[in-house]
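Here is the structure we will look at, set down as structure tokens.
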Amino acid sequence: MSKREIKKYPQDDEILRKKCVEVKRIDRFLKLLIEDMIEAMNYGDGVGLAASQVGISKRVIVCKINEAPEIFINPRITKKTGSQIGLEGCLSVPGIFGEVERAESITVKAQGPSGKFIKLNASSFLARVFQHEIDHLDGILFIDKAKNLKKVQPEELQDVI
Ligand code: CO
């Protein structure tokens, strides 16, 4: 088990739909939250997680980049180009996948775990992960945007974000 349980749709819809608030202070409580989020993401075998998915309405996400967990505080997308359509699933909506249209390439500005401001470009699947996680911070789930939602069997599971 992970320390924090991942909130699930539809039973935890209220917390999943809350708009998360900006992080003002990076203190030890936030650091503990981030540790727990990484643990929950790894335990669920996901590639990304937003704080709202463990019931905390703060603008923090974790994403795996080249298998390593990275932390983004107050992330925002400052540029989007192109589009891609791909299958998406979510740790908060288990067993369901759907096709979601996302921007192909994005620029993200955020703060790292020490508070330092960072800017990065992402494309294809990583751009999808960021867009999915930042949607979570605004109370948006992928099922709001997906077409052709379908149940999948564990053996056909794809990456869940
Ligand atoms: Co998700």
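Each residue of the sequence shown is one higher than the one before, counting from 755 in the working numbering. Built from N, CA and C at the ideal position, the CB exists for glycine as well.
beta-carbon residue 844 near the ligand CO non-hydrogen atom, thresh 7 Å: Start at 1 with the first residue of the sequence shown, and residue 844 comes out as number 90. Indeed, a heavy atom of the ligand CO lies less than 7 Å from the Cβ.
Through-space distance from residue 874 to residue 815, alpha-carbon basis: Position 61 of the sequence shown holds residue 815. Position 120 of the sequence shown holds residue 874. Their Cα atoms are separated by approximately 15 Å.
For residue 784, the nearest candidate out of 852, 811, 765, 797 (CA to CA): Taking the sequence shown and counting its residues from 1, the one referred to as residue 784 is at position 30. For the residues 852, 811, 765, 797, the minimum Cα distance to residue 784 belongs to 811.
Where residue 782 falls: helix, strand or coil (DSSP): Taking the first residue of the sequence shown as 1, we reach residue 782 at position 28. Helix at residue 782.
As assigned by DSSP and simplified to three states, the class of residue 808: Sequence index remark: in the sequence shown, residue 808 carries index 54 (1-based). The answer is helix: DSSP assigns residue 808 an H, G or I state.
Validate contact between the segment 780-797 and the segment 895-905 using beta carbons, cut 8 Å, 3 pairs: no
Residue 915 CB to nearest heavy atom of the ligand CO below 7 Å: Along the sequence shown, one-based indexing puts residue 915 at 161. Yes, the Cβ of residue 915 comes within 7 Å of a heavy atom of the ligand CO.
DSSP state of residue 864 mapped onto helix, strand, coil: Position 110 of the sequence shown holds residue 864. Residue 864 falls in the strand class under three-state DSSP.
Alpha carbon of residue 866 to alpha carbon of residue 850, nearest angstrom: Here residue 866 refers to the residue found at position 112 when the sequence shown is read from its first residue. Here residue 850 refers to the residue found at position 96 when the sequence shown is read from its first residue. Distance between the alpha carbons of residue 866 and residue 850 is about 31 Å.
CA nearest to the CA of residue 755, picked from 781, 780, 796: What you label residue 755 is simply residue 1 of the sequence shown in a count that begins at 1. Nearest C-alpha to residue 755: 796.
Residue 915, DSSP secondary structure in three states: Taking the sequence shown and counting its residues from 1, one reaches residue 915 at position 161. If DSSP states are grouped into helix, strand and coil, residue 915 belongs with coil.
Pick from 777, 912, 781, 770 that is closest to residue 887, judged by C-alpha positions: Taking the sequence shown and counting its residues from 1, one reaches residue 887 at position 133. The shortest Cα separation from residue 887 among 777, 912, 781, 770 belongs to 770.
Closest by C-alpha distance to residue 891, when choosing among 808, 782, 798, 758: Here residue 891 refers to the residue found at position 137 when the sequence shown is read from its first residue. Closest option to residue 891, Cα to Cα, is 808.
CB of residue 821 within 8 Å of CB of residue 840, strictly: Mapped onto the sequence shown, residue 821 falls at position 67. Mapped onto the sequence shown, residue 840 falls at position 86. The answer is no: Cβ separation not under 8 Å.
Beta bridge counterpart(s) of residue 815 as assigned by DSSP: Reading the sequence shown from its first residue, position 61 is the one you call residue 815. Residue 815 is bridged to 804, 826.
Cβ-Cβ distance between residue 778 and residue 802 below 8 Å: In the sequence shown, the residue the question calls residue 778 occupies position 24. In the sequence shown, the residue the question calls residue 802 occupies position 48. No, Cβ-Cβ distance for residue 778 and residue 802 is not below 8 Å.
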